[in-house]
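4 protein chains.
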Amino acid sequence: MNTKKKILNDPVYGFINIPGGLLFELIEHPYFQRLRRIKQLGLTYLVFPGAVHTRFQHAIGCMHLINLAIDVLRSKGHNITEEEADGARIAILLHDIGHGPFSHALESCIIPNHPHEELSLMFMQELNNQYNGKLELAIKIFKDEYHKKFLHQLVSGQLDMDRLDYLRRDSFFTGVTEGVVGSERIIKMLQVVDDNLVVEAKGIYSVEKFLIARRLMYWQVYLHKTVLVGELQLIHFLKRLKHLYQQNKINIDNKYLKFFLDDNKNKNNKEILDNFSMLDDFDFVYLVKQLLNHDDKIISYLANSLMNRKFPKIIIGKDPIPDNYIKELKLKTSKRFNLSSEELEYYVFSGEVSNNTYRVDDERINIQYGNKLIDIAEASDMLNISVLSKVVKKYYVCVPKIILNKD
Amino acid sequence: MNTKKKILNDPVYGFINIPGGLLFELIEHPYFQRLRRIKQLGLTYLVFPGAVHTRFQHAIGCMHLINLAIDVLRSKGHNITEEEADGARIAILLHDIGHGPFSHALESCIIPNHPHEELSLMFMQELNNQYNGKLELAIKIFKDEYHKKFLHQLVSGQLDMDRLDYLRRDSFFTGVTEGVVGSERIIKMLQVVDDNLVVEAKGIYSVEKFLIARRLMYWQVYLHKTVLVGELQLIHFLKRLKHLYQQNKINIDNKYLKFFLDDNKNKNNKEILDNFSMLDDFDFVYLVKQLLNHDDKIISYLANSLMNRKFPKIIIGKDPIPDNYIKELKLKTSKRFNLSSEELEYYVFSGEVSNNTYRVDDERINIQYGNKLIDIAEASDMLNISVLSKVVKKYYVCVPKIILNKD
Amino acid sequence: MNTKKKILNDPVYGFINIPGGLLFELIEHPYFQRLRRIKQLGLTYLVFPGAVHTRFQHAIGCMHLINLAIDVLRSKGHNITEEEADGARIAILLHDIGHGPFSHALESCIIPNHPHEELSLMFMQELNNQYNGKLELAIKIFKDEYHKKFLHQLVSGQLDMDRLDYLRRDSFFTGVTEGVVGSERIIKMLQVVDDNLVVEAKGIYSVEKFLIARRLMYWQVYLHKTVLVGELQLIHFLKRLKHLYQQNKINIDNKYLKFFLDDNKNKNNKEILDNFSMLDDFDFVYLVKQLLNHDDKIISYLANSLMNRKFPKIIIGKDPIPDNYIKELKLKTSKRFNLSSEELEYYVFSGEVSNNTYRVDDERINIQYGNKLIDIAEASDMLNISVLSKVVKKYYVCVPKIILNKD
Amino acid sequence: MNTKKKILNDPVYGFINIPGGLLFELIEHPYFQRLRRIKQLGLTYLVFPGAVHTRFQHAIGCMHLINLAIDVLRSKGHNITEEEADGARIAILLHDIGHGPFSHALESCIIPNHPHEELSLMFMQELNNQYNGKLELAIKIFKDEYHKKFLHQLVSGQLDMDRLDYLRRDSFFTGVTEGVVGSERIIKMLQVVDDNLVVEAKGIYSVEKFLIARRLMYWQVYLHKTVLVGELQLIHFLKRLKHLYQQNKINIDNKYLKFFLDDNKNKNNKEILDNFSMLDDFDFVYLVKQLLNHDDKIISYLANSLMNRKFPKIIIGKDPIPDNYIKELKLKTSKRFNLSSEELEYYVFSGEVSNNTYRVDDERINIQYGNKLIDIAEASDMLNISVLSKVVKKYYVCVPKIILNKD
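Chains as they are written, first to last, in the numbering used here: chain A, 186 to 592; chain B, 186 to 592; chain C, 186 to 592; chain D, 186 to 592.
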């Protein structure tokens, strides 16, 4: 058993101390090491070439930030036992362990019934078994069942270490410097009142700037049009793949993937985790390359599209796309490529996208004025916080570029 | 005449190219070199020790940014002649040349009838004389009398190079990293429509972030309580100094300062400029030190306060301070220090401060959507722009700390 | 044909302008896009988690730096036509296009007769065909057959843009900040004398620092012990794979890889390039995962080692490892794991490594003093330049960790 | 007594925690606050406009670094009591407290018999009196009389926190980025062996880079030609000032300065410190401005030279300037300006400068290999360490520029 202290180099924070003991072992565990092979931002690197950083780096960064936060809170007189600190460290280290590669795509096609949060919990419980119950407290904190609620809020909340790390890290690697968040400065302003995480009054401007930076990252990076089309193509690719596989029209070599493509209901959790933990970005890029010339014209169309970033045109706007227009596009496309109606679904498709995954929900960011707490939405005279919490829907239709060219 | 190209090292932008010819000579001119001896942020360094950067650095930085902006606009197909470019460069280089040391303090006491904008223009006109009319175009641009209005707007407007530099530079040197503005990125988004400066649609998030960062800098740095009290003490110090001087109760050695302390009306512009250009931060710090033990108890009280950063307590809030309360404080103070009513004015004083020097005024930041221009206040669903343009008044009273201690 | 200008976000340099025309098309070409899927530093990310940046980013960065260098040289009065500039840009953009994934490993096992420099040239020639001879000048510059030798030296020489980019980029992503090189500052000091690239006198300290930084990166990053063992394991993995494949003992699905595993001599260049351009990091990580439980104990041992970073112990030093000692290790290992002598080669192996790929060769860095040129080795009284040019050999033996544990 | 914790913003390191108690009070003490008014690099800002940072910032930065170092050494198992830690913090905080403004100039003219190290110690002893002996341990550490020698070495040694801070800070503010030193990384490599500070083996490359960066800063910044001439002019200015003052030919208002200009031998230490602590950069710039038009042509010549950066030409080289040549220059100058031989000394003067203040002296940087210590000079095969320790002398002569123009 390796208990020595380790130091990691991180491009964002410099040196990061890796504690010994259980935390070190969890990092070394194959379940966790898999995160080295999953890009934090999926296909985003097609638009921002620097965005090839991994979920591994992010998870380690979160652990680093929670260490800073624990130090700050302790220095302000809050008692946090070493056991609680370890619980929080483990909870945030593992909070994304259930993330699949290109997560949204995968979640909808490959393991449709297990959202990544649930998988993360399954992994934690399995690791708890493997380590004889030593993750109990971490799981409690993760599930918000521990009485010191602020520990959960550091892991998951409006101003958690997850967001503080990913905004900073994603802006660092994409090169979108406006997204940079002064994580360290916000952490210095944290305070605990009645077991809840709040921000000291003088931190309000930093919180405003954090919210603005977050919004900027959504629209400039996370919901970038090209990334969106790319993900839709990948979803279609996987859908077609599953279809062909289940009809025995395709030969797939990948045993871990096959485990999920088979609609066999009797899969126990351990099997799911073990196979899932062998899937990462590499499997899907590999598949795309192998199917570039497959006989099925749909799968090869999609593979080529993904491989060469030749994506359909996306028309996107605040208003629903008129049905007539979609019909017209479908008609043209169907003629042009000689497609059956089933095939057509892969060439012309419409839908809606919203920022609701990033919605400001019930939890609030409380700002501490003397011994009053005021929600940021009220405390800030500058921000329309309501805008952040609003679900913005956008409607789109995708269609091969050639169809839109002048006749 | 020196026409060789020079390169300066700037901590903020790295290398800065200094053009030869007239620009180089203006930089070398004693009027401009004086800016090396004037801190950009006056007494702010008492709170943020790094904030000792000078107006010289800022002016050079502005010139660097306007060069970038001119390159960007030219690359987008806008014709800017080299003469126009030089005009804009000179205008921004000299835009602050009339700034006095600890500017607000000085402006109100020493040369009350010449706000710094006017002095800047007087300097430019004098330099225009000295250089045989070569600053004509620069002056036109500075006064917004040139038909290509965007050149003036680069020098002075809602999104001018002045603000882009000072926000970035001040946050750099204060260490308040949240104030950092992606100047280079905003500049890349500039565009000209009908001779007016606008921002391309995709730049809207950067503009939002710029406005938030600016606000943050006001409240965290520019209007910092301690800096405010410090400036008020300095104003009182100068007021008392003038009073003593005019009553022959003090011996002042500084000939340039005496020129201004004499209320002799017959001062011609050239004399004003020549004497003004010899005043800088050094004169006032020197005076403070020499008067620490002066017989007049007021001046020595103020000198000691400034020297040792032992400032009175400032009570500040959104509501006017009740007269009764002020009276009570005055009474206590007067007793405690045995003060005449004239002297008392230097110990207890009240007033109001507002951010209206930073007010968003008539000029707008226009965002370009296709061929429509929309004001940021409308285009942004996120920001309460009205808040920025609102004059926020705060009321304060200052009183020696000891008076507020428990009796 | 797309000729519009594009701007890329780069974490290292900020905005990078992508020229339109041929350069844009080359970047879009599948041959070049492959570099998005090849990590710049192979397995280094196992030690430095941030080092997941790609050869794509590096190639774009080099193009950016050569643009800066061309601007600097032009501003110093050197005539560089736009055609020549494009030639240099293309040459450096494509200088690494022949790099395989995990390059050293691959080069030795998969395409043993084509070092990557040769493959790069083959790619350029093929692209020259595809683009009707428009790469002629670029190829001339690449091969150092153009009379303005400095253009070649910008692409490949002691102080070329390749090194200036990779040192800076690699230190940025590994987080080893001591390796940071002031690329922009060195470029400002470049000069051309008699068609050769030299450095102005005042740049000598920057060059010294560049050489020190480079050396530091070799020993701290490029030749890191763990990375070295990792690469050796990968080489063994591929060697075993080829062996099993040629004996029909393994089923391989990857058609592009099979092209190279077959020792069929009749492969034409176009085929080689087309298949090679489909191989990248993803194929090998995929293979490793699929073979974790293969029947052949050697291949599964190696796959597990690579997958879980459970590498053998490496003993490394300046002196050759005594034969006796190696024999002893082999004996113990063979007994312990019950291995045939052929199998043993995969468990215990020795060799030597040297920094000679980084050797300072005949080309010199000339420093310009007035109108004399002095080689850095002479000009610098500080550095033992001879050390840099010296081939440092280290000897190693690798052996399963368990063998070294106390008996 | 104020014991609350304070946080300072530092542009270089971000937040710096200021401990409460004695350290806080020492920082607030007027003796220490004076350092706010002394630029770290004297006249260097005339060449590098950003170099206006103060000795105050540097001293605080040193205290921050020593805190990091103490944390690192404690985490490696070395016992450092809180009292010892405070001693080391105080010693480094005050190590430069005796530095005068434009130090070399002042030391030679104004208080010739008290080098700044001695003054620093006098200040510490006086503060020790004022604080009832609480600085005893700090003084012991400062004087290297404490048995844990590494504490002194952190304050003053080959790799002390002083150098780690000033190199980093000076390169930050001058914008000479090649001088940047990875202070934090070196500190992580510190170790203590037999009560002496050493560096772990893997830190050797960082130490090499530190030495190279230091050398670079000397030649590019600290010994910059223009800075050197500026300082020589200032020395002459002060020499002339003293001369005129002692002959009653000048009226000086500055009481603190007069204390030192009087050659009255009966000055006790307390008086010296109190007057010295009132002298800073401001006094000398003030004087220069007031004497621009003084009747004495020498003092006004020097004042104008300093004010407008119109320095004489400096001819500098490795060989002594031939006497004949100097004579010739003197003859020409004397004629041209009609000077007495006494006056001539202020127009043409020669001398030598050496880097011996920066000499590598007896103390060594020891690198720890296993349980052997090897000096960096031996351990590094890369650096000619002897070069660093060598006293490099340069010879110069200064002469008005006009004298060198073609006749």
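Built from N, CA and C at the ideal position, the CB exists for glycine as well.
As the structure is a prediction and not an experimental result, all values here were calculated from the model.
- For the options Val-237/C, Arg-219/C and Asp-480/C, the alpha carbon positioned closest to that of Leu-226/C is the one of Val-237/C.
- Note that the segment 308-324 of chain C does not touch the segment 241-249 of chain C; fewer than 3 beta-carbon pairs, one per stretch, sit closer than 8 Å.
- Taking a contact to require three or more Cβ pairs closer than 8 Å, the segment 333-347 of chain D and the segment 331-342 of chain C do not qualify as touching.
- Between the alpha carbons of Lys-410/A and Leu-258/B lies a distance of about 27 Å.
- The beta carbons of Lys-373/C and Phe-200/B sit closer together than 8 Å.
- Shown here for Val-197/D: same chain residues with a beta carbon closer than 7 Å to its own, the five before and five after excluded, namely Gly-246, Arg-353, Arg-354 and Phe-357 in chain order.
- For the pair Glu-537/B and Val-412/A, the Cα-to-Cα distance works out to about 52 Å.
- In the DSSP annotation of this structure, the continuous segment of the beta strand (DSSP E) that includes Glu-537/D starts and ends at 534-539.
- In the structure shown, the three-state DSSP call for Gly-199/D is strand.
- Distance from the CA of Ala-488/B to the CA of Lys-474/B, rounded to the nearest whole angstrom, comes to 7 Å.
- For Arg-370/A, the nearest CB of chain B lies under 8 Å from its own CB, placing it at the interface with that chain.
- Ile-552/D sits away from Val-378/D, with the two beta carbons spaced by 8 Å or more.
- Looking at the DSSP output, Asn-493/B sits in no beta bridge, so it has no partner there.
- For a Cβ distance threshold of 8 Å, residue set Glu-369, Arg-370 and Lys-373 of chain D lies close to Phe-200/A, ordered along the chain.
- Counted as a single uninterrupted DSSP element, the alpha helix (DSSP H) harbouring Gly-206/D occupies residues 206-213.
- Cβ atoms of Leu-320/A and Ile-275/A come within 8 Å of each other, at about 6 Å.
- Listed in chain order, the non-local C-beta contacts of Leu-464/A below 7 Å within the same chain comprise Gly-285, Pro-286, Tyr-441 and Leu-442, local neighbours out to five positions each way being set aside.
- Within the model, the alpha-carbon separation for Pro-215/C versus Glu-292/A is close to 29 Å.
- By the neighbour-count criterion, in which 16 or more other beta carbons inside 10 Å mark a residue as buried, Pro-507/B falls on the exposed side.
- Rounded to the nearest whole angstrom, the CA to CA distance from Lys-482/D to Arg-370/D is 54 Å.
- Within a 10 Å sphere around the beta-carbon of Lys-586/A sit fewer than 16 other beta-carbons, which makes this residue exposed.
- Proximity of Tyr-532/D to chain C, defined by a Cβ-Cβ separation below 8 Å, is not satisfied.
- Going by DSSP, Lys-579/A is part of the beta strand (DSSP E) stretching over 578-584.
- For the C-beta of Glu-363/C, the chain D residues within less than 7 Å are, from N- to C-terminus, Gly-367, Arg-370, Tyr-390, Ser-391 and Lys-394.
- Taken through DSSP and simplified to helix, strand or coil, Asp-379/C comes out as coil.
- Collapsing the DSSP output to three states places Asp-560/D in a strand.
- In this chain, the beta strand (DSSP E) harbouring Asn-551/C covers 551-554.
- If you draw a 10 Å sphere on the C-beta of Val-584/A, you find 16 or more other C-beta atoms in it, and that means buried.
- According to the DSSP secondary-structure assignment, Glu-385/D is paired through a beta bridge with Gln-553/D.
- Interface criterion not met: the Cβ of Thr-229/B is under 8 Å from no Cβ in chain D.
- Of the other Cβ atoms in all chains shown, fewer than 16 fall within 10 Å of the Cβ of Lys-557/A; this residue is therefore exposed.
- A distance below 6 Å between beta-carbons, with the five flanking residues on each side excluded, links Glu-311/A to the following residues of its chain, in chain order: Leu-458.
- With a 10 Å radius around the Cβ and a threshold of 16 neighbouring Cβ atoms, Ile-251/B comes out buried.
- For Ile-324/C, the three-state secondary structure derived from DSSP is helix.
- Bounds of the beta strand (DSSP E) holding Lys-498/A are 498-502.
- The beta-bridge partner set that DSSP reports for Lys-515/A is empty.
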